[in-house]
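Peer 1: Once you know that position 177 of the sequence shown is 227 in the working numbering, the rest is easy, because the numbers rise by one and skip nothing.
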Amino acid sequence: MAWPSAAWGALIGLFLSGCGQAAPPADRIALPPGFHLTVFADDVPGARSLTLGSRGTLFAGTRGEGRVYALVDRDGDGRADRRYVIADGLNTPNGVAFHSGALYVAEIGRIIRFDDIESRLDNPPRPVVVTDALPRETHHGWRYIAFGPDGWLYIAVGAPCNACERKGFAEIRRLDPASGRMEVFARGVRNSVGFDWRPGTGVLWFTDNGRDWLGDDRPPDELNRAPRPGLHFGFPYCHGGDIVDPNLGHGHRCADYTPPAQKLGPHVAALGMRFYTGERFPARYRNQIFIAEHGSWNRSTKIGYRVTLVRLEGNHAVAYETFASGWLRRGADWGRPVDLQVMPDGALAVSDDKAGTVYRIAYGRR
Numbered sequence: 051m052a053w054p055s056a057a058w059g060a061l062i063g064l065f066l067s068g069c070g071q072a073a074p075p076a077d078r079i080a081l082p083p084g085f086h087l088t089v090f091a092d093d094v095p096g097a098r099s100l101t102l103g104s105r106g107t108l109f110a111g112t113r114g115e116g117r118v119y120a121l122v123d124r125d126g127d128g129r130a131d132r133r134y135v136i137a138d139g140l141n142t143p144n145g146v147a148f149h150s151g152a153l154y155v156a157e158i159g160r161i162i163r164f165d166d167i168e169s170r171l172d173n174p175p176r177p178v179v180v181t182d183a184l185p186r187e188t189h190h191g192w193r194y195i196a197f198g199p200d201g202w203l204y205i206a207v208g209a210p211c212n213a214c215e216r217k218g219f220a221e222i223r224r225l226d227p228a229s230g231r232m233e234v235f236a237r238g239v240r241n242s243v244g245f246d247w248r249p250g251t252g253v254l255w256f257t258d259n260g261r262d263w264l265g266d267d268r269p270p271d272e273l274n275r276a277p278r279p280g281l282h283f284g285f286p287y288c289h290g291g292d293i294v295d296p297n298l299g300h301g302h303r304c305a306d307y308t309p310p311a312q313k314l315g316p317h318v319a320a321l322g323m324r325f326y327t328g329e330r331f332p333a334r335y336r337n338q339i340f341i342a343e344h345g346s347w348n349r350s351t352k353i354g355y356r357v358t359l360v361r362l363e364g365n366h367a368v369a370y371e372t373f374a375s376g377w378l379r380r381g382a383d384w385g386r387p388v389d390l391q392v393m394p395d396g397a398l399a400v401s402d403d404k405a406g407t408v409y410r411i412a413y414g415r416r
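(1) In three-state terms, what does DSSP make of Ile-411?
(2) Taking just the CA atoms, how far does Gly-159 sit from Gly-218?
(3) Residues in its own chain within less than 7 Å of Tyr-335 by CB, not counting five upstream and five downstream?
(4) Just to confirm the assignment, what range does the beta strand (DSSP E) spanning Val-101 have?
(5) Run the CB neighbour count on Leu-254, radius 10 Å, all protein chains shown included, and call it buried at 16 or more, exposed below.
(6) I'd like to know whether the C-beta atoms of Glu-187 and Val-207 end up nearer to each other than 7 Å.
(7) So Leu-281 packs on Thr-308, CB below 8 Å; how close in whole Å?
(8) Can you tell which of Ala-152, Ser-229 and Asp-127 has its C-alpha closest to the C-alpha of Ile-136?
(9) Please state the DSSP three-state secondary structure of Tyr-326.
(10) Are the beta-carbon atoms of Asp-138 and Arg-117 separated by less than 7 Å?
(11) What's the C-alpha gap between Pro-143 and Val-178?
(12) DSSP has Ile-239 in a bridge; who is on the other side?
(13) Over what stretch of residues does the beta strand (DSSP E) that includes Val-205 continue unbroken?
(14) Could you name the residues of the same chain whose beta carbon sits closer than 8 Å to that of Gly-68, not counting the 5 residues immediately before and after it, in chain order?
(15) Report the three-state DSSP secondary structure of Ala-147 (helix, strand or coil).
(16) Can you grab the Cα-Cα spacing for the pair Ala-72 / Asn-348, in whole Å?
(17) Please state whether DSSP places Asp-267 in a helix, a strand or coil.
(18) Output the distance between the C-alpha atoms of Glu-115 and Ile-339, rounded to the nearest integer angstrom.
(19) Should the region 190-204 be regarded as contacting the region 222-229, the criterion being three or more beta carbon pairs within less than 8 Å?
(20) Which runs of the alpha helix (DSSP H) fall wholly inside the region 328-391 and span at least 4 residues, in chain order?
(21) Return the chain-ordered list of same chain residues with a C-beta closer than 7 Å to the C-beta of Ser-350, the five sequence neighbours on each side being excluded.
(22) Tell me which residue opens and which closes the beta strand (DSSP E) that Ile-162 is part of.
(23) Helix or strand or just coil, what does DSSP make of Glu-221?
(24) Where does Ser-229 sit, in a helix, a strand or coil, going by DSSP?
(25) Judging by CA-CA distance, which residue of Gln-391, Pro-332, Asp-403 and His-366 is the nearest neighbour of Val-94?
(26) Can you find the residues in the same chain that come closer than 6 Å, C-beta to C-beta, to His-149, ignoring five residues on each side of it along the sequence?
(27) Going by CA-CA distance only, name the one from Asn-212, Thr-251 and Asp-389 that's closest to His-317.
(28) How is Asp-246 classed by DSSP in three states: helix, strand or coil?
(29) Alpha carbon to alpha carbon, how far is Gly-84 from Arg-330?
(30) What residue from Gly-376, Pro-394 and Arg-231 has the CA that sits closest to Arg-386's CA?
(31) Between Phe-245 and the rest of its own chain, which residues show a CB-CB distance below 8 Å, the 5 nearest in sequence each way excluded?
(32) Is Val-388 near Arg-98, with beta carbons less than 7 Å apart?
(33) Do you know how far the Cα of Gly-126 is from the Cα of Trp-192?
(34) Between which residues of its own chain and Pro-82 is the CB-CB distance below 8 Å, once the five residues before and five after are set aside?
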């Protein structure tokens, strides 16, 4: 007998509330043959953006929780043995990045740095302010950061609105950590919460969340490619490469902006993305793009709540398909994927801020 969606949601809620931060029902996740998902850490409330230290420490940022975590798997069994709180009481520390032994954390208005962090997990140092010259608006103010192959720190600066014209927003910037110089790398980016560089090319690819309130099925979220600085990706005038904004698009042509490399699902909330650079997955997955889709918040029928795969040939996306699903069951979501990280053993870590969990996806032997 099929269960009503409301009953299914209540059952999932009862399961989670009864178990506190116990392992969520990870066995409900569907994966391609040969893959399996286990729980890497299940006491990580609000786990969002991920980055990996040089000694294998997995760091996780959060939003409303104000915390940054460090997760350590000392015995190599695929499950974290220790969880450390690196910092607490921060202002929406979503973004985390690791560089030259230091952990960089992006708050809404500034970026801070914890030096020699993997030697001081038990007693983290006081943070150093790298820059406090970032906008302080909270709408789309949670930042994603990552170091590029050029050694610069790339910083997402989302639009402080659904759709509007505001100078100094809807950008991806980059910061030279040595000199403090900051410059705009890409414009017309509504809200990117994930980017990575294609191995062997050094070209930036990034996700972007499409605007709301144009209907259930438009515009699409986007996967974009930025082979050079200075490109404009259309926001707020053009969405998805071919949809002129009904309020702000007058006098603008979509042909004047850089189109998406791949249109993603409408309102799926595509966040973290990673090129798979490990050797554990079959060869057909290597150097392909995995995307964490957090899931829609205002669509009449929910969509997303999964991990997708974009396959590339040359510089072109040729396929967009579901890789891992099951966080959304009969209209009720018990988890929301946020970010991905390739681990030292080739497994793929996936954060889930709703379930407070970091999963581990591996292929072959468990």
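In this text, a Cβ means the ideal position worked out from N, Cα and C, and glycines have one as well.
Peer 2: In short, the structure shows the following:
(1) strand
(2) 13 Å
(3) Tyr-326
(4) Per the sequence shown, residue 101 should be read as Thr rather than Val. Start and end: 100-102.
(5) buried
(6) no
(7) 5 Å
(8) Ala-152
(9) coil
(10) yes
(11) 15 Å
(12) Sequence inspection shows Val at residue 239; the Ile mentioned does not correspond to that position. None; Val-239 has no bridge partner.
(13) The sequence given here places Ile at residue 205; Val does not occur at that position. 203-207 is the extent of the beta strand (DSSP E) around Ile-205.
(14) Low per-residue confidence applies at Gly-68: pLDDT is 34, beneath 50, and the placement is therefore not dependable enough to give any value.
(15) strand
(16) With a pLDDT of only 49 at Ala-72, under 50, the local geometry of the prediction cannot be trusted, and no value is derived from it.
(17) coil
(18) 29 Å
(19) yes
(20) none
(21) Asp-266
(22) 161-164
(23) strand
(24) coil
(25) Asp-403
(26) Phe-197
(27) Asn-212
(28) strand
(29) 11 Å
(30) Gly-376
(31) Tyr-194, Ala-196, Tyr-204, Ala-206, Ile-222, Leu-254, Trp-255, Phe-256, Thr-257 and Met-323
(32) yes
(33) 32 Å
(34) Phe-373
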